[in-house]
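Chain order of the listed sequences is A and B.
FYI, my numbering numbers position 49 of the first sequence as 53, with every residue one higher than the one before it.
FYI, my numbering numbers position 25 of the second sequence as 38, with every residue one higher than the one before it.
A short write-up of the structure that comes next.
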Amino acid sequence: MKIIDLLDPAAISADLQASTKAEVLGELTDALMRVEPSLDRDEVVAILQEREQLGSTGIGDGVAIPHGKLRKLDKLLISFGRSRGGIDFDSMDGRPAQLFFLLVAPEESVGVHLKTLARISKLLKNSAVRQALLDAEDAESIYGIIARQEESL
Amino acid sequence: MQSSTEPPRLINYMKILIIGTGQVGFFLCERLSLEGHEVTLIDRDGESLKRAEDRLNVLGIEGNGASAEVLEQAGIKETDIFIAVTDLDEVNILACLLAREYQVKTLVARVKSIEFSGRRAVLSKEKLGIDLLINPEDAVAEEIIKIAHRSGTFDVAEFVEGQIQFLGYRITAENPLCNLTLRELGALRGIYRFVVTAISRDGKTIIPRGDDVIQEGDRIFIVVHQNDLPAIQYMLEQKEEKKNRRRRAFILGGGHIGLHVAAGLEKLGFDVRLIDRDEKRCEKLSASLRRTLVIHAEGTDVRTLCEEGINDADFFIAVTENDESNILCSLLARQHGVRRTLTLVNQPELLNLAPSLGIDACVSPRLAAASAILKYVRRGDIISLAAIEGSNAEVLELEVKADSQVINTPLRNLHFPAGAIIGAIVHDRTYEIPTGESRLQAGDRVVIFAMPEALAKVETFFARA
Chain A
5 MKIIDLLDPA AISADLQAST KAEVLGELTD ALMRVEPSLD RDEVVAILQE REQLGSTGIG
65 DGVAIPHGKL RKLDKLLISF GRSRGGIDFD SMDGRPAQLF FLLVAPEESV GVHLKTLARI
125 SKLLKNSAVR QALLDAEDAE SIYGIIARQE ESL
Chain B
14 MQSSTEPPRL INYMKILIIG TGQVGFFLCE RLSLEGHEVT LIDRDGESLK RAEDRLNVLG
74 IEGNGASAEV LEQAGIKETD IFIAVTDLDE VNILACLLAR EYQVKTLVAR VKSIEFSGRR
134 AVLSKEKLGI DLLINPEDAV AEEIIKIAHR SGTFDVAEFV EGQIQFLGYR ITAENPLCNL
194 TLRELGALRG IYRFVVTAIS RDGKTIIPRG DDVIQEGDRI FIVVHQNDLP AIQYMLEQKE
254 EKKNRRRRAF ILGGGHIGLH VAAGLEKLGF DVRLIDRDEK RCEKLSASLR RTLVIHAEGT
314 DVRTLCEEGI NDADFFIAVT ENDESNILCS LLARQHGVRR TLTLVNQPEL LNLAPSLGID
374 ACVSPRLAAA SAILKYVRRG DIISLAAIEG SNAEVLELEV KADSQVINTP LRNLHFPAGA
434 IIGAIVHDRT YEIPTGESRL QAGDRVVIFA MPEALAKVET FFARA
């Protein structure tokens, strides 16, 4: 499953306002809810925080991929967020995170979830892609960059 | 019998004397002689001795292992390691006491019925001057507790003081790792840090590469740091496993092993139900276990098992003295909805058969005791070692010595032996999953998965410059 088929342009926040880890999880959930309004915001944030407690999903190089499993969900949901100022996300390299992918997966299809996680990690390993996402003007051009770069994965 | 092709000589070549050609003795002989050590075997029974001599590269001496004359004949004066594993506790201990008089450095004895640990023990290894006293039943009980504790795994070993864990997982169609390539797992390493060191499929064990796919029915062996384990368990946890619920375990067989396992699982907070067919024994068990529910029934008594909640249980652990009933009752429990079955199997022939029947993990007192002994006697650069059930492969921990030839060169420029893979490198305070860029430093501890033929090459790899 491609990232671009799962990511709705409406779930991209080009300018996150959050300044803490807790806030950014909420803001990314809000982005998700623009596409899937039926979600329970508190529940989503709680499962994300629960997962973070087991180990940060901040993978370094300014990237974080918070994710979690949710019951009664019919498909994998993704949102994207960019923070201009950077947010401390307890990342392994100690650097603040600027690029965020949020994934919420149905409990019974964690396999697809992992494949998508792997694709996102691979995409963001490329420093040119990270720079392009940081430089992009708005949500629309972020979506365009992801679509183009995923082609060459 | 001396074979024409000498096995590769080890850096830490040792002379080893083993008393007793039972299952443990035979297993140890096989491993240690394969690794190039000089192994001498003593047994009173000429026939089983001959069988061992024919199949293994060892020297056999017929006689009583607790006789000084026989020991001298077997070269006790030059022996580095003395292992007494006959069926008789008294012989093993006496043989070790004799060997002590000959200044043998390392003494190991198998002891089945003499109490030597715990509060009531009158004897201890310190008092006897024996380095390792091993009780196969205790060793296997400990192994069962470990496996139950790490849910979803069937094989567990710890390295670098527990920091590095070696775990085996059975892959079902629902497992999140099913159909993932090794390359995809590599991409996930920023979030889920672990290494798949080996895959067992259709009776073969391979060290996988990037394009290999994890498939349904595989058994995979991973190396992971304990700090990363909670996140990995969260990911691997399947839907039906509800959190915040006490895990329930049924134990069939209230013998020594059953009692030991029940007590261990009680401590870990399990809801334990112990089944035994003997009423008197049940009464005794009730008295010595505080929180375990003791049930007087047959293991095949499906109605009772269902009434006691087998369908909602996490584990069925069959540890009676009879292999066949252990296997059958495990299959029966499985059919009635228990999530995982852990089965005690003594006969080596059945040990290989059981996984194909759908039993999640088979444990054997023989293997448990033998790996504990192997782990102990392996000296020199190898710190720790675990034998992998049914594959002959081993996982070992080495410390990189200051004069090792591998220091400071990126791994990609070194020729790491085929048939082996580094799972983790632990530096003083940090650890890393090795890449081509990794450099080893003096004092680093390295955890390696190795096929038997690669073991000696791995040791040579880390040798002095």
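Cβ atoms here follow ideal geometry from the backbone N, Cα and C, with glycine treated the same way.
Small disclaimer: the values here were computed from a predicted structure and weren't measured.
With a threshold of 9 Å between beta carbons, is residue i in contact with chain A?
i: residue 203 of chain B; result: yes
i: residue 252 of chain B; result: Legend: pLDDT at residue 252 of chain B = 48, less than 50; position of this residue unreliable, no value from coordinates given.
i: residue 180 of chain B; result: no
i: residue 191 of chain B; result: yes
i: residue 467 of chain B; result: no
i: residue 197 of chain B; result: yes
i: residue 450 of chain B; result: no
i: residue 155 of chain B; result: no
i: residue 188 of chain B; result: yes
i: residue 247 of chain B; result: yes
i: residue 200 of chain B; result: yes
When we look at the beta-carbon of residue i and count the other beta-carbons within 10 Å, is it buried (16 or more) or exposed?
i: residue 319 of chain B; result: exposed
i: residue 73 of chain A; result: buried
i: residue 130 of chain A; result: exposed
i: residue 25 of chain A; result: buried
i: residue 460 of chain B; result: buried
i: residue 219 of chain B; result: exposed
i: residue 142 of chain B; result: exposed
i: residue 336 of chain B; result: buried
i: residue 421 of chain B; result: exposed
i: residue 423 of chain B; result: exposed
i: residue 205 of chain B; result: buried
i: residue 114 of chain A; result: buried
i: residue 217 of chain B; result: exposed
i: residue 27 of chain A; result: exposed
i: residue 252 of chain B; result: In this predicted model, residue 252 of chain B has a pLDDT of only 48, less than 50, meaning its place in the structure is not dependable; the value taken from the coordinates is given anyway. The residue is exposed, with fewer than 16 neighbouring Cβ atoms inside 10 Å.
i: residue 58 of chain B; result: exposed
i: residue 371 of chain B; result: exposed
i: residue 232 of chain B; result: buried
i: residue 427 of chain B; result: exposed
i: residue 255 of chain B; result: With a pLDDT of 49 at residue 255 of chain B, under the threshold of 50, the modelled position of this residue cannot be trusted; read the value that follows with caution. Flag for residue 255 of chain B reads exposed.
Mind checking which residues open and close the beta strand (DSSP E) that includes residue i?
i: residue 260 of chain B; result: Careful: residue 260 of chain B lies outside any beta strand (DSSP E) and carries neither H nor E.
i: residue 90 of chain A; result: 81-91
i: residue 51 of chain B; result: 51-56
i: residue 289 of chain B; result: 284-289
i: residue 122 of chain B; result: 119-123
Against chain B, with Cβ distances strictly below 9 Å, would residue i count as a contact?
i: residue 61 of chain A; result: yes
i: residue 5 of chain A; result: no
i: residue 115 of chain A; result: yes
i: residue 67 of chain A; result: yes
i: residue 99 of chain A; result: no
i: residue 148 of chain A; result: no
i: residue 89 of chain A; result: no
i: residue 129 of chain A; result: yes
i: residue 122 of chain A; result: yes
i: residue 10 of chain A; result: no
i: residue 20 of chain A; result: no
i: residue 83 of chain A; result: no
i: residue 140 of chain A; result: no
i: residue 23 of chain A; result: no
i: residue 126 of chain A; result: yes
Locate the alpha helix (DSSP H) running through residue i, then write down its first and last residues.
i: residue 86 of chain B; result: 81-86
i: residue 147 of chain A; result: 143-155
i: residue 414 of chain B; result: Residue 414 of chain B -> no alpha helix (DSSP H), and no H or E assigned at all.
i: residue 299 of chain B; result: 292-301
i: residue 39 of chain B; result: 36-47
i: residue 149 of chain B; result: 149-162
i: residue 474 of chain B; result: 468-474
i: residue 336 of chain B; result: 336-348
i: residue 135 of chain A; result: 131-139
i: residue 109 of chain A; result: Counting along the chain, residue 109 of chain A falls outside any alpha helix (DSSP H), though it belongs to the beta strand (DSSP E) covering 101-110.
task: Taking a Cβ distance cut-off of 7 Å, strictly less, list which residues of the segment 27-60 of chain A are near chain B, in chain order.
output: 55, 58 and 59
query: Between the segment 13-33 of chain A and the segment 85-96 of chain A, are three or more C-beta pairs nearer than 8 Å?
result: yes
query: Listed from N- to C-terminal order along the chain, which residues in the segment 229-243 of chain B have their beta-carbon within a distance smaller than 8 Å of any beta-carbon of chain A?
result: 240, 241 and 243
- prompt: Would the segment 238-249 of chain B and the segment 461-472 of chain B be scored as touching if the rule is three or more Cβ pairs under 8 Å?
  reply: no
- prompt: Are the segment 171-181 of chain B and the segment 95-115 of chain A touching, with three or more C-beta to C-beta distances below 8 Å?
  reply: Contact between the segment 171-181 of chain B and the segment 95-115 of chain A is absent, with fewer than three C-beta pairs closer than 8 Å.
field: Short-range partners of chain A found in the segment 432-446 of chain B, where Cβ spacing is below 9 Å
entry: none
query: Pairing CB atoms from the segment 78-94 of chain B with CB atoms from the segment 45-55 of chain B, are three or more of them under 8 Å?
result: yes
- prompt: Does the segment 303-319 of chain B touch the segment 282-293 of chain B, meaning 3 or more C-beta pairs lie closer than 8 Å?
  reply: Short answer: they touch.
- prompt: Does the segment 358-365 of chain B come within contact of the segment 121-136 of chain B, defined as at least 3 CB pairs closer than 8 Å?
  reply: With contact defined as three or more Cβ pairs closer than 8 Å, the segment 358-365 of chain B and the segment 121-136 of chain B are not in contact.
task: Decide if the segment 28-43 of chain A is in contact with the segment 8-15 of chain A; the criterion is three or more beta carbon pairs, one per stretch, under 8 Å apart.
output: Yes, they touch.
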